[in-house]
Every structure is written in structure tokens, then in C-alpha cells.
Amino acid sequence: MYRHHPATSTTISTYEEPKMISGALWRMSLGLRLPTITDKHHHTSKSGAAGGEKDGVYIVYMGAATEHGSSKNEHAQLLSSVLKRRKNALVHSYEHGISGFAARLSAAEAKSISKNPGVVSVFPDPVYQLHTTRSWDFLKYGTDVKIDLSPNSDSNLSSRGNDVIIGILDTGIWPESKSFSDKDMDPIPSSWNGTCVKAQDFNSSNCNRKIIGARSYNGPEDDDDEIVNTPRDMNGHGTHVASTAAGIMVPGASYHGLASGTAKGGSPGSRIAVYRICTPYGCAGSSILAAFSDAITDGVDILSLSLGSPASRFSDFKEDPIAIGAFHAVENGITVVCSAGNEGPSEKTVSNAAPWILTVAATTIDRRFKSNVVFDKNKVIKGEAINFANIGKSPVHPLIHAKSAKKAGADERNARNCYPDSMDGKKIKGKIVICDNDEDINSYYKMDEVRNLGAIGAVLVDDKKRGDASEFDEFPMTSISSRDAVEILAYLNSTKNPVATILPTTVVSQYKPAPTVSYFSSRGPSSISRNILKPDIAAPGSNILAAWTAYNGDAATDKRKQIPKFKIMSGTSMACPHVSGLAAEIKSRYPSWSPSAVKSAIMTTGEASQINNMKGPLTAELGAIATAY
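Counting from 1, one number per residue, gives the positions in the sequence shown under full-length UniProt numbering.
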């Protein structure tokens with residue numbers, strides 16, 4: 001939804017990402033909202049240092065830096081006042097815009113430091129999660145939205161100000177992507193004070209007039225030999241986000257032939273500064289604050305963060321590194337745009353809810369990925385998914401409802417929902433399985449379960465995921481509505497030998513109604529204060545095509561053995577850079593505008609709309625009228 005509210009709050013939330021295996025599993029965790037597990041990096045404490053819950057890395061926040069910057073020596077002196085003999089305790093020192101440091105402390109030492117004058121808060125270092133083309137054309141033409149950044153020219157999304165710098169705090173960047181070419185760009189702005197760091201697989205030549213800066217930050221617990229402190233994106237998420245915000249126009253973009261067209265970012269002429277803060281172990285709060293501090297002195301204009309805390313671990317703003325860093329960035333004239341989180345549709349789940357942050361929810365666009373189910377005598381039910389399987393167009397494969405394959409002693413509800421260890425493989429093998437979705441278990445787990453039992457395909461009954469097609473790669477799986485499920489279940493129960501097939505994905509354009517609020521998009525109000533209306537705005541976040549890493553870790557899991565140069569992903573992670581790009585366009589047209597003015601312009605003028613492409617009000621995933629939350 002789109003509206004304006006005053007930024008009047010003053011107090012300055014936390015998540016622990018499970019240890020992810022590097023490569024494909026790490027990437028899979030981004031756009032797919034997977035359940036969490038506990039691991040050795042689970043060291044967040046919600047109550048802060050005063051609670052003194054455990055030893056580990058703590059962040060010591062001391063407010064704003066002085067005019068000449070904070071002194072690392074001052075931080076060391078404060079640290080030495082409680083540490084007598086321990087070496088290498090200091091992890092980060094924040095000296096620009098933000099004053100403070102991160103250090104390895106015992107709970108008692110953290111409590112002692114918190115009592116010092118000038119210390120605002122001391123809290124355990126949290127670890128945050130990533131909130132895993134046509135979207136810009138849809139914003140321009142698909143609704144009544146008119147983006148007019150120059151009163152004397154036609155409405156358009158072409159970039160004007162080559163001096164605007166968007167800082168991306170994420171998993172890094174794949175600089176060789178065509179989206180980051182600097183062809184015909186002007187020299188780097190003289191206001192830029194940043195750097196392009198050298199690493200084992202990254203050097204200054206990887207930066208150009210498009211990617212003008214690159215830094216990286218390993219988390220305090222990232223001691224694994226596989227973790228390389230580099231701005232290079234081995235994940236894909238950061239590359240996807242950066243190209244959505246500021247990628248140049250790349251004709252012929254597609255994901256294995258799907259969603260083909262010209263890919264472009266929201267502000268193609270803007271520069272990109274990369275701050276790689278996330279590793280396979282998550283995005284450490286201490287690294288996030290270090291990146292904020294560097295970005296402030298580097299001279300960025302916009303900061304884009306597609307990550308945050310889950311609803312279960314929200315904390316006060318003064319113990320939230322994103323809220324703290326954003327506060328001081330805004331104080332220094334930088335607009336900060338953050339994703340709202342992927343824990344919808346439950347209320348009070350919105351992340352990054354500080355009023356000085358521009359918080360972005362996700363919507364669908366007018367493109368759908370169709371994978372239909374054919375059954376009986378060529379009857380067709382509309383399905384939605386991305387799969388590249390080909391098991392034939394004719395309904396010849398045996399069909400079974402998962403509850404009919406219930407294992408002896410298993411719960412029928414679990415079997416209907418294709419829970420692990422609930423179905424009899426002998427009844428599943430060689431058949432297409434219909435799975436219910438009464439329980440919120442990830443569809444990828446269901447796919448793995450039925451596939452491992454020998455199923456030839458699966459049909460998921462799911463009303464929530466309209467407009468957000470899950471990708472099942474080479475396995476024939478699709479989602480249908482509960483209304484359509486009635487028809488196919490009636491057929492299944494009325495014949496002795498029911499048969500069906502699942503068709504590979506094709507693209508439907510100009511789908512109506514669009515946009516709708518994506519089912520996964522976190523809802524308000526803020527759990528910290530109901531007086532803060534959040535999210536601020538919604539933007540395309542479902543099935544967004546953008547640039548991807550060429551890291552060959554995908555090849556092992558992709559049967560096509562062809563690493564895609566572009567990838568389709570969903571999440572408020574994808575919505576956030578749409579707004580970051582738009583903010584950059586506004587800043588290029590009105591360079592003297594403050595973050596509040598940029599935010600207000602986006603939310604209250606012709607940049608925003610509450611009308612869909614059927615001239616009706618925006619709706620949520622099940623058709624209800626969308627609200628202010």
C-alpha cells in the first residue's frame with residue numbers, strides 16, 4: 001500500500017540465520033522462505049547485554065560520531081578498561097557517522113561496558129537473513145502510474161543523473177554481468193571517496209564507471225576456510241538486487257527462455273557501490289554497521305538493504321544494527337530503503353520498521369508462469385509454477401491423492417500435506433501425487449519427499465501463492481487453486497484408473513488483476529509501536545528477472561548444465577531495489593532533496609498508486625481489499 005506518515009520516532013530487531021552450506025543450498029535459501037534451524041552461529045540475545053545471557057560478540061553503540069570521526073584509540077581504551085589480558089577482542093570499530101565498536105566479550109564484561117558514560121546500548125551481535133525486466137515496464141505502463149521525473153519531457157524511466165550512487169549491502173556482486181557494463185558512462189563522480197578492495201578473486205579492474213566501489217566484511221564467526229573475504233558474489237542475491245536497482249539495459253535476457261525481453265534496472269545511469277556483508281552463515285549485525293559507517297564516508301546517496309530480522313526476534317531500535325546504521329545514514333543525507341520481510345500474511349511481521357527507513361512490501365506483476373494440469377480426457381486445470389520437465393501432453397500417468405498413500409501409523413493430515421515420512425512409497429512410485437497445503441511446510445520439502453518416493457510429478461493445492469510461481473527445475477510440479485482442486489479430486493474419486501499429466505511452463509503476459517500484494521510479504525503494524533504505519537510502499541517482488549552470478553556451484557544441481565545469466569526470484573528482497581532505483585532517479589533530478597523529501601515524493605505523488613490494471617483497488621493474495629498494513 002502507498003501512503004505517507006511522519007518520521008517522528010527516536011528510539012533505535014534480531015535474527016539468526018542457520019549455517020548454510022555454500023553453493024546451491026545457500027542460494028536456495030534466499031528466495032525460498034525456508035524454516036530455520038539452529039547451528040553454531042546461533043548467538044543472538046534478544047534482551048541485550050544488560051541481560052548478560054552469554055559470552056560472544058557484542059556491539060557497543062555510542063551514538064553519533066564526532067565531526068572529525070570517532071577514534072579507534074578511544075574504543076580500544078574503553079575496551080581495555082574491562083579486558084585485562086585478552087588479545088584480538090576488537091572485531092570492528094565504527095568511526096564515521098556512527099560511534100562504537102564490536103568486540104568479543106563475556107556477558108559480565110558487556111554489562112560492565114554498558115554502564116560507561118556515553119554508551120547508548122550494548123547488545124549481542126545479531127545475524128540477519130536475506131529477504132529472498134518486465135517489472136519496470138509494468139510500473140511504467142501496466143497501471144495508471146505515471147513516473148514523471150522531468151516536467152518538460154515525456155514520462156519515462158530513463159536515467160538522468162550519472163552522479164547518483166546506490167550502495168548495496170548484500171552478498172556482493174558478479175562484476176562480469178552485462179548489467180554492470182560502464183559503456184558510455186561519464187567519469188566517476190568527484191564526490192566519491194570509496195575504494196575497490198582487492199581479494200583472492202577480485203581486484204580493482206573489476207570495478208569500473210558503473211561499479212565504482214566494492215568492500216567486503218566477514219562476520220566475526222566466519223572462520224571457515226571456504227569463506228573468502230571478497231566482494232564477489234558466490235550467492236546471486238546481491239547481483240540480482242544490484243541489477244534490479246541500477247542495471248543497464250540488456251536485450252535478450254531470459255531465464256532458460258522464460259520471461260524473455262530486455263532487462264534493466266530502475267536507474268540505469270546510477271553508479272553502484274557494493275558492500276558485501278553476508279556470508280553463508282548470514283549477515284552479521286557488526287558487519288552491517290561497519291558497512292553503514294564506510295558508506296557514510298564513501299559518499300553514497302542511496303542505501304539498499306534486502307535483509308532483516310524475523311518477527312520472532314524483533315528488538316528495540318537501539319539494539320538493531322540496521323535501524324542504528326540507517327538513522328545515522330539519514331542524518332547524513334542518505335536515503336535508506338529496506339525490504340519489509342517475507343513472513344506474511346500474518347500481522348505484526350514487518351521488518352525494518354524504523355520510521356526513518358523507507359520500508360518496501362512486495363506485489364505481483366502482470367506476468368504469470370503457467371504450468372497446467374491435464375487430466376481425464378484432456379480436461380485442463382490452470383496451474384502455476386516454473387518447471388522444465390516434459391512428461392508428455394497426454395494424460396497417461398496414474399494420479400493419486402497423497403492421503404490415499406498414507407503410511408501405516410501416520411497421521412492423515414500429515415499424509416495429505418505430503419509431510420516427510422507420512423506416505424507409503426509403494427503407493428507413490430510412478431504416479432502424480434496431489435498434495436494439500438493446509439500446513440505451512442515449504443513446497444520444496446514436499447517436492448523432495450514425493451520425488452524421493454519415486455513419484456513422477458506432484459500437484460500442490462495452494463491458494464496463497466498466486467502470482468509467485470515456485471521453481472521446481474526438472475521435476476514436473478505445479479500449484480492449483482482449491483476451487484480447481486474440487487474438480488480434479490471429484491474425477492479421481494469417480495474412476496478406477498485416474499490419469500493426468502503436468503505441462504512445462506509457459507509465460508502469460510498482461511495478467512489481470514495486477515498488482516496484488518504478494519502472500520509472503522510481511523504485514524504491519526509495527527510490533528514495536530502501532531503508531532508507526534508500516535510498510536511504507538509496495539513494489540514488484542514476485543517472479544522478478546534480474547542478473548545472476550556465474551558461480552559454477554549451480555551446475556551441480558542444474559540438469560541443463562547451463563548457468564543462467566539471469567534468474568527469476570521472489571521476495572521483498574526483489575521489491576526493495578525497485579524503490580531504491582526510483583529513489584535514485586528522484587535524487588538525480590532533485591539533488592538537494594533530503595531523504596524525507598525523497599520518501600514523501602515516492603509515497604504521496606504520482607509515483608504511487610492504489611489502483612490495479614483493472615481500475616480497481618489493490619487486493620491481497622486471496623482477493624480481499626488491501627489495507628494500510
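Here a beta-carbon is modelled for each residue, glycine too, at the ideal position from N, C-alpha and C.
What separation, rounded to the nearest whole angstrom, lies between the Cα atoms of residue 620 and residue 288?
Those two C-alpha atoms are separated by around 32 Å.
Return the chain-ordered list of same chain residues with a C-beta closer than 6 Å to the C-beta of residue 173, the five sequence neighbours on each side being excluded.
Counting only Cβ-Cβ distances below 6 Å, and skipping sequence neighbours, we find 233, 238, 239, 242, 274.
Within the region 557-629, note down every full alpha helix (DSSP H) run reaching 4 residues or more, in order along the chain.
Within the region 557-629, the runs of alpha helix (DSSP H) that reach at least 4 residues and sit entirely inside it are, in chain order, 572-589, 595-604.
Just to confirm the assignment: which complete alpha helix (DSSP H) runs, minimum length 4, are found wholly within the UniProt domain "Inhibitor I9" (57-131)?
Fully enclosed alpha helix (DSSP H) runs of 4 or longer: 72-80, 107-114.
Sequence-distant residues of the same chain with beta carbon closer than 6 Å to residue 231, five excluded per side
Close CB contacts of residue 231 within its chain, under the 6 Å cut and outside five residues either way in sequence, are with 172, 202, 214, 216, 274, 276 (chain order).
Shorter than 8 Å from the beta carbon of residue 128 to some beta carbon of chain B?
Any reference to chain B falls outside this structure, which holds one protein chain only.
Taking buried to mean at least 16 other C-beta atoms within 10 Å of its own C-beta, is residue 183 buried or exposed?
Classification for residue 183: exposed.
Measuring only the C-alpha atoms, how far is residue 466 from residue 345?
Going from the Cα of residue 466 to the Cα of residue 345 covers about 13 Å.
Looking only at its chain, what residues have a beta carbon closer than 7 Å to the beta carbon of residue 372, apart from the 5 residues adjacent to it on each side?
So the qualifying residues of the chain are 380, 381, 382, 383, 503.
Can you name the start and end residues of the beta strand (DSSP E) that residue 447 belongs to?
Not the beta strand (DSSP E): residue 447 falls in the alpha helix (DSSP H), residues 443-452.
Between the alpha carbons of residue 417 and residue 436, how many angstroms are there, rounded?
Answer to the nearest angstrom: the Cα atoms are 5 Å apart.
Is it true that the CB of residue 461 sits closer than 8 Å to the CB of residue 398?
8 Å or more divides the Cβ of residue 398 from the Cβ of residue 461.
Within 10 angstroms of the Cβ of residue 625, are there 16 or more other Cβ atoms? Answer buried if so, exposed if not.
Per the 10 Å Cβ criterion, exposed.
When we look at the beta-carbon of residue 611 and count the other beta-carbons within 10 Å, is it buried (16 or more) or exposed?
Its Cβ having fewer than 16 others within 10 Å, residue 611 is exposed.
Grab the span of the alpha helix (DSSP H) containing residue 528 for me, first residue to last.
For residue 528, there is no enclosing alpha helix (DSSP H), as DSSP gives it neither H nor E.
From what residue to what residue does the alpha helix (DSSP H) around residue 239 run?
Residue 239: member of the alpha helix (DSSP H) spanning 237-246, first to last residue.
Considering only their Cβ atoms, is the gap separating residue 386 from residue 514 smaller than 8 Å?
No, they are not a contact pair.
To the nearest angstrom, how far is the alpha carbon of residue 248 from that of residue 211?
Approximately 12 Å, taken between the alpha carbons.
Do you know offhand how far residue 267's Cα is from residue 179's?
Between residue 267 and residue 179, the alpha-carbon positions lie close to 12 Å from each other.
What are the boundary residues of the beta strand (DSSP E) that residue 255 is part of?
Run containing residue 255: 250-255, per the beta strand (DSSP E) assignment.
Please determine, among 594, 623, 580, the residue with the shortest C-alpha to C-alpha distance to residue 306.
For the set 594, 623, 580, the Cα lying nearest the Cα of residue 306 is the one of 580.
Close-in-space but distant-in-sequence residues of the same chain around residue 331 (CB under 8 Å, 5 per side omitted):
Here the set comprises 64, 97.
Where does the unbroken beta strand (DSSP E) through residue 273 begin, and where does it stop?
Looking at the DSSP string, the run of the beta strand (DSSP E) that includes residue 273 is 271-276.
Express the C-alpha separation of residue 323 and residue 343 in angstroms, rounding to a whole number.
Using only the alpha carbons, I get a separation of about 19 Å.
Where residue 89 and residue 319 are concerned, what is the direct C-alpha to C-alpha distance, given to the nearest angstrom?
Cα to Cα, the separation comes out at about 20 Å.
Are the beta-carbon atoms of residue 374 and residue 505 separated by less than 8 Å?
No.
Counterpart residues of residue 303 in DSSP-defined beta bridges
Answer is 167, 336.
Spell out a yes or no on whether the region 186-201 and the region 100-109 are touching, meaning 3 or more CB-CB pairs, one atom from each, closer than 8 Å.
No, the region 186-201 does not touch the region 100-109.
Could you give the residue range of the beta strand (DSSP E) that holds residue 501?
Looking at the DSSP string, the run of the beta strand (DSSP E) that includes residue 501 is 499-502.
For the region 592-607 and the region 520-540, state whether three or more C-beta atom pairs, one from each stretch, are separated by less than 8 Å.
Cβ pair count under 8 Å is three or more, so yes.
If I measure Cβ to Cβ from residue 630 and keep anything under 7 Å in the same chain, skipping five residues before and after, which residues do I get?
The chain is shown only over 1 to 629; residue 630 falls outside these bounds and no answer can be derived.
Just curious, the beta strand (DSSP E) that residue 184 is in, first and last residue?
First-last for residue 184: undefined, no H or E at that position.
Measuring only the C-alpha atoms, how far is residue 512 from residue 542?
The straight-line gap from Cα to Cα measures roughly 15 Å.
Given a cut-off of 8 Å, decide if residue 286 and residue 220 are closer than it, judged by their beta-carbon atoms.
Yes, Cβ-Cβ distance for residue 220 and residue 286 is below 8 Å.
Quick check: what's the CA-CA separation for residue 589 versus residue 578?
Their Cα atoms are separated by approximately 17 Å.
Delimiting residues of the beta strand (DSSP E) encompassing residue 297:
From DSSP, residue 297 is part of no beta strand (DSSP E) but of the alpha helix (DSSP H) over 285-298.
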